[in-house]
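Protein chains in written order, with this note's numbering: chain A, 77 to 299; chain B, 77 to 299.
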């Protein structure tokens, strides 16, 4: 894929295409590569998603906003967008990575996409990066259904663990916070065998459990 | 303190001071309060710090940038800035919180400061929030010395645990990644009694240990 095509798909034209090229360069290719860009792009993405969710879901509380955001910035979501862009075809990888299928590896694609967001910021400023991200995330944001929180997080965690033959997690009520009319519950999700203990919060015990499961899943996927 | 004085100290004048007022309203006071603003402000702060560190420390790798950023966005740092602004005097707290000294509680002050950053963004856009944050962070950024990484993180973690009579952490080498000339080490910091296991990375085992200690400390402080 040419850089021309990629820029069309991103809906952004670089003044300095060297920045885009650096964003597409995996560390296996040499220096300079996209590792520092990824650091920056990750936090720009987080920020833009926070803004989008804050504006879109006026009824959601902090804990729920965090949970939804986590589902949008994790590797799965980024990988899906990168795949739709055919980003793999534009990557610059070292020979070893290339031969072992690096250009379709979810982690490499997700990192490169974050790096591309940073490159747009460095080239055109925050608002340029924000509109590229907003545009690419239209389909994923449309799927967000905050009222059906993570019915899927506990199920997804269970499936993840079963696939690896690890005992199911236990959910432990840690504390109830706040006054009676606005209570908040804190629940720990524990998977001792994998050294995981995450804390979820929410206006009900069920939502707190879902959040803790979501965080556990994020931690396990990142391992 | 009047909102006038606070705006002078922030170096920003609100078009809509209702936003500032909402940022200063703790949940104990009622609704609307600053919880949702805090969600947004936290990620704006993270993003602005990433930009500042990315531009300032061209030699730092991703893991080191993350470590330095963590030290700048954690409660201690925010509390210090909030104290310098006398933010506590401007807070709106419920009666119970007020009597129990809520206006000088580090977590309440840190959260409110993040909420103020969100209010500036909502009132004046990203660049306005960025310049307020950059300005307030001048003293803290000046103190950052990335070459002496977190000699202090391991020490600080040890002191934190000793003060609570918890056994010292163990550092376990998890894996070495990458090729010989650009290896990266992954180390786990474990505090089993408190259910903590964090992973640090870095170009040397020592730096990976420091990073894992930093993350453990962040997790413990957030508990």
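Cβ coordinates follow ideal geometry from the N, Cα and C atoms, glycine included.
Remember, predicted model here, so these are calculated numbers, not experimental data.
Short Cβ contact (7 angstroms threshold) for residue i with residue j
i: residue 277 (chain A); j: residue 255 (chain A); result: no
i: residue 166 (chain A); j: residue 82 (chain A); result: yes
i: residue 169 (chain A); j: residue 105 (chain A); result: yes
i: residue 229 (chain A); j: residue 266 (chain A); result: no
i: residue 305 (chain A); j: residue 125 (chain A); result: Residue coverage of chain A in this structure runs from 77 to 299, which leaves residue 305 (chain A) outside it and unanswerable.
i: residue 144 (chain A); j: residue 222 (chain A); result: yes
i: residue 264 (chain B); j: residue 242 (chain B); result: no
i: residue 77 (chain A); j: residue 162 (chain A); result: yes
i: residue 116 (chain B); j: residue 158 (chain B); result: no
i: residue 233 (chain B); j: residue 293 (chain B); result: yes
i: residue 306 (chain A); j: residue 295 (chain A); result: Residue numbering for chain A in the displayed model covers 77 to 299; residue 306 (chain A) lies beyond these limits and cannot be assessed.
i: residue 122 (chain A); j: residue 119 (chain B); result: yes
i: residue 129 (chain A); j: residue 141 (chain A); result: yes
i: residue 275 (chain A); j: residue 262 (chain A); result: yes
i: residue 202 (chain B); j: residue 202 (chain A); result: yes
CB contact below 7 angstroms: residue i versus chain D
i: residue 147 (chain A); result: Chain labels in this structure do not include chain D; the protein chains are A and B.
Cβ neighbour criterion (16 or more within 10 Å) applied to residue i
i: residue 139 (chain B); result: buried
i: residue 306 (chain B); result: Only positions 77 to 299 of chain B appear in the structure, and residue 306 (chain B) is not among them; the question remains open.
i: residue 195 (chain A); result: buried
i: residue 108 (chain A); result: exposed
i: residue 237 (chain B); result: buried
i: residue 231 (chain B); result: exposed
i: residue 246 (chain B); result: exposed
i: residue 172 (chain A); result: exposed
i: residue 103 (chain B); result: buried
i: residue 132 (chain A); result: exposed
i: residue 251 (chain A); result: exposed
i: residue 177 (chain A); result: exposed
i: residue 240 (chain B); result: exposed
i: residue 205 (chain B); result: buried
i: residue 226 (chain B); result: Summary for residue 226 (chain B): the model assigns pLDDT 49, below 50, so the residue's position carries little reliability; its value from the coordinates is reported in the next sentence. Counting Cβ neighbours within 10 Å, residue 226 (chain B) comes out buried, since at least 16 surround it.
Residue from the options whose Cα sits closest to the Cα of residue i
i: residue 180 (chain B); options: B:197, B:156, B:92; result: B:156
i: residue 211 (chain A); options: A:79, A:88, A:293, A:78; result: A:88
i: residue 188 (chain B); options: B:97, B:220, B:123, B:146; result: B:97
i: residue 136 (chain B); options: A:113, A:130, A:146, A:182; result: A:113
i: residue 192 (chain A); options: A:298, A:296, A:217, A:92; result: A:92
i: residue 258 (chain B); options: A:95, A:282, A:111; result: A:111
i: residue 95 (chain A); options: A:175, A:190, A:287, A:152; result: A:190
i: residue 79 (chain A); options: A:150, A:164, A:152, A:205; result: A:164
i: residue 146 (chain B); options: B:220, B:178, B:175; result: B:220
i: residue 253 (chain A); options: A:151, A:208, A:279, A:268; result: A:279
i: residue 183 (chain B); options: B:127, B:281, B:152, B:282; result: B:152
i: residue 150 (chain A); options: A:235, A:213, A:282; result: A:213
i: residue 268 (chain A); options: A:287, A:175, A:244; result: A:244
Heavy atom of the ligand SAM within 6 angstroms of residue i beta-carbon
i: residue 297 (chain A); result: Looking for the ligand SAM in the displayed structure turns up nothing, as the structure carries no ligands at all.
Pick out the complete alpha helix (DSSP H) segments inside the segment 263-289 of chain A, 4 residues or longer, and give them in chain order.
Segments of the alpha helix (DSSP H) lying fully in the segment 263-289 of chain A: there are none.
Let me know the beta strand (DSSP E) ranges lying completely inside the segment 157-219 of chain A, each 3 residues or longer, listed in chain order.
Entirely contained in the segment 157-219 of chain A, not one beta strand (DSSP E) run reaches 3 residues.
Considering only residues of the segment 91-156 of chain B, which uninterrupted beta strand (DSSP E) runs meet the minimum length of 3 residues and lie entirely inside it, listed in chain order?
Entirely contained in the segment 91-156 of chain B, not one beta strand (DSSP E) run reaches 3 residues.
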